[in-house]
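Throughout the sequence shown, residue numbering follows the numbering used here, covering 551 to 982 in sequence. Data first, discussion second: the structure below is written as structure tokens.
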Amino acid sequence: MNIWKISIQNLKTKPLYTILSIFSLSLSIALLLGIQQLKSSFTHQMEHNLGGIDLVVGAKGSPLQLVLSSVLHLDNPTGNISYKEAKKLEKNRMIKSVVPISYGDNHKGFRIVGTTAEFVALYNAVLQKGEKVKKSMQVILGATVAERLKLDLGDTFLSSHGLIENDIDVHEDVLTVVGILKPTRKVIDRLIITNLESIWDVHNHEVSEEKSHEHESQVSHEDGEHHEHDDHDSGNDQNQVEHKNHHEEIDKEITSLLISFRNPMGLLTFPRKINESTNMQAALPKFEIDRLFEYTGIGFTTISWIAYLILLISGMTIFISLYKMVKERAYDLALLRSYGANNFQLIKMVAYEAIIIASLAFVSGCLFIKVGFKIIFNFMNSSYKKHMLLELTLNEILSTGFLVLVMILLSVALAIYPIIKMNISTILSHEK
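And the structure:
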């Protein structure tokens, strides 16, 4: 007697119950796996992207926005700060390192960050190939950027103004790829990194062109009136150029500073000093991320409980289906017993049906979550470059599978009660 074939035939005779059981169970499995994947990815991004950053200093505004924009690169910056004023903070003895960053441009949605060589060290990133940025208009790519955009060493591209991909406000300065970083599973994978001079040069060129056009129109308008003072004006123009260059040097701006302290004492006094005595703002990444996680944790918990509730309902559906099958086929089961089958074989038949349903549901649940995330991100006009989802670990998958297995075994244990208490003679005589 092939028990597997009998179990499959039993499921085929009740397709509606079978499909309903598989669907409800796969939905709960997909929700459980999905919330685990989102939660683990979120936690990983929050914890690992902080690196050695103890404090972020930027323009006044929302501290959380400052951290999200400067550390996780998920939001718009609160504004710019004077580089000259920010550099004064380096003199503080409590500070171990200061890494300035400046951004405001992108290439196909990937942010271009101007910074110093120490920025890469914050994320323990190393070059996979190429070299570091040595001069203006050179860039190194994060692993995700290089993979998605199919860029390699020596390739060139143009940047767009703003943090959203656009083909309208495109800069004329050509950026050249000189290095590509190894994958880190951190935010640096989706960044394009250059030096501060590249950011300043790109935007200073725009300012210079605008002022040049204004100056040309003014000269052409006043040329007839002041032609006799050319030599004097020439001297003034030279002085104005020198003053302008000096002014631009003073007014260079950055987006924020990423600060690391020598010891925890710096966290106690330094942020308050900046917030109270300067026009800048200091935000603690760890504190802001923990506060954010408190808010999002409520959502994760709620969805998890919904998934567990659906899992419980699925278990009840499977139990009812199995129990109904045992009751409706009591005569057939009694015949099998009379032909030599024992209780253990009949129990195995019921268990096999439950295992088949659970296996199909588990595979369907895994497929649902894969396809579901892809559809959601496509619908949101987003991609992997902005949603760095981690693949579920084997332990996380097995833990969910173990929970489903326990529920299935419990359903089988309750459903086989009529088999254990079966009275063969009574059932056969009653049917006749």
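The C-beta atom is built at its ideal place from N, Cα and C for all residues, glycine as well. Keep in mind that this is a model prediction, so the values were computed, not measured.
Inspect the beta-carbon positions of residue i and residue j and report whether they are closer than 9 angstroms.
i      : j      : result
Ile738 : Tyr653 : no
Gly608 : Ile631 : yes
Ser710 : His657 : yes
Leu605 : Pro821 : yes
Thr943 : Ser590 : yes
Ile730 : Leu699 : no
Asn745 : Gln688 : yes
Thr867 : Ser571 : yes
Leu960 : Gly865 : yes
Leu600 : Lys836 : yes
Ala693 : Lys637 : no
Val962 : Val900 : yes
Leu808 : Pro613 : no
Ile906 : Ile558 : yes
Ser647 : Ser810 : yes
Glu635 : Thr819 : no
Lys877 : Pro968 : yes
Ile863 : Leu583 : no
Tyr633 : Lys823 : no
Please name the residue or residues paired with residue i in a DSSP beta bridge.
i      : result
Glu803 : Ser632
Gln831 : Gly608
Ile743 : Val663 and Ile690
Val727 : Val689
Leu808 : Val606 and Val649
Val720 : Ser710
Quick check on this structure: which residue in the options has the alpha carbon closest to the alpha carbon of residue i?
i      : options                           : result
Asn674 : Lys610, Ile718, Thr734 and Tyr967 : Thr734
Phe912 : Ile958, Phe894, Leu872 and Tyr889 : Ile958
Leu701 : Val727, Leu677, Gln587 and Glu668 : Val727
Arg812 : Thr706, Val649, Phe894 and Arg643 : Arg643
Gly602 : Leu672, Leu917, Val876 and Ala908 : Leu672
Val752 : Gln595, Ile743, Leu725 and Leu561 : Leu725
Leu886 : Leu842, Leu896 and Ser574         : Leu896
Gln595 : Ser810, Leu842 and Ile853         : Leu842
Asp723 : Asp655, Ser854 and Ile714         : Asp655
Lys920 : Val900, Ala904 and Glu941         : Glu941
Ile860 : Val956, Phe573, Lys685 and Ser557 : Phe573
His598 : Ala965, Val621 and Ser578         : Val621
Lys685 : Ile907, Trp855 and Ala667         : Ala667
Ile966 : Thr976, Thr819, Glu697 and Leu872 : Leu872
Thr985 : Lys610, Lys641, Glu635 and Lys634 : Outside the shown range of the chain, which is 551 to 982, sits residue 985, and nothing can be said about it.
Tyr858 : Tyr567, Lys562, Ile556 and Ser578 : Ser578
Pro854 : Leu588, Tyr567 and Thr568         : Residue 854 is actually Ser in this sequence, not Pro. Measuring from the Cα of Ser854, the nearest candidate turns out to be Leu588.
Ala832 : Ser979, Gln615 and Lys555         : Gln615
Tyr567 : Ala904, Glu681 and Lys679         : Ala904
Asp705 : Val695, Gly712, Leu713 and Ile714 : Val695
Tyr881 : Leu964, Met972 and Ile824         : Met972
Leu964 : Glu946, Lys874, Ile714 and Asn716 : Lys874
Phe707 : Thr593, Lys682, Phe894 and His721 : His721
Lys564 : Arg879, Met830 and Ile925         : Arg879
Ile662 : Glu697, Leu677 and Glu715         : Glu715
Glu697 : Lys736, Arg740 and Val676         : Arg740
Lys736 : Ile926, Glu844 and Val676         : Val676
If contacts are defined as beta-carbon pairs under 8 angstroms, then residue i and residue j qualify, I think. What distance do you get, rounded to the angstrom?
i      : j      : result
Gly499 : Ser576 : The first residue shown for the chain is 551 and the last is 982, placing residue 499 beyond what the model contains.
Ile839 : Val617 : 7 angstroms
Ile553 : Tyr889 : Going by Cβ atoms, the distance from Ile553 to Tyr889 rounds to 14 angstroms, so no, they are not a contact pair.
Phe669 : Ile645 : Their Cβ separation, rounded to whole angstroms, is 16 angstroms, which puts Phe669 and Ile645 out of contact at 8 angstroms.
Phe660 : Ile742 : 5 angstroms
Ile974 : Ala884 : 5 angstroms
Phe923 : Ala580 : Actually they are not in contact, since the Cβ atoms of Phe923 and Ala580 sit about 10 angstroms apart, beyond 8 angstroms.
Phe592 : Thr846 : 7 angstroms
Ile690 : Lys679 : 10 angstroms between Cβ atoms; not a contact.
Just checking residue i against the ligand COA - is the residue's beta carbon closer than 8 angstroms to any of the ligand's heavy atoms?
i      : result
Ile870 : The ligand COA is not part of this structure, which contains no ligands at all.
>> Extract the residue ranges of the alpha helix (DSSP H) inside the stretch 634-715, only unbroken runs of 4 or more that lie entirely within it.
In response: 668-672 and 693-699
>> Just to confirm the assignment: which complete alpha helix (DSSP H) runs, minimum length 4, are found wholly within the stretch 907-972?
In response: 944-965 and 967-970
>> Quick check for students: name the residue ranges of the alpha helix (DSSP H) that lie wholly in the stretch 820-906, counting only runs of 4 or more.
In response: 835-878 and 880-888
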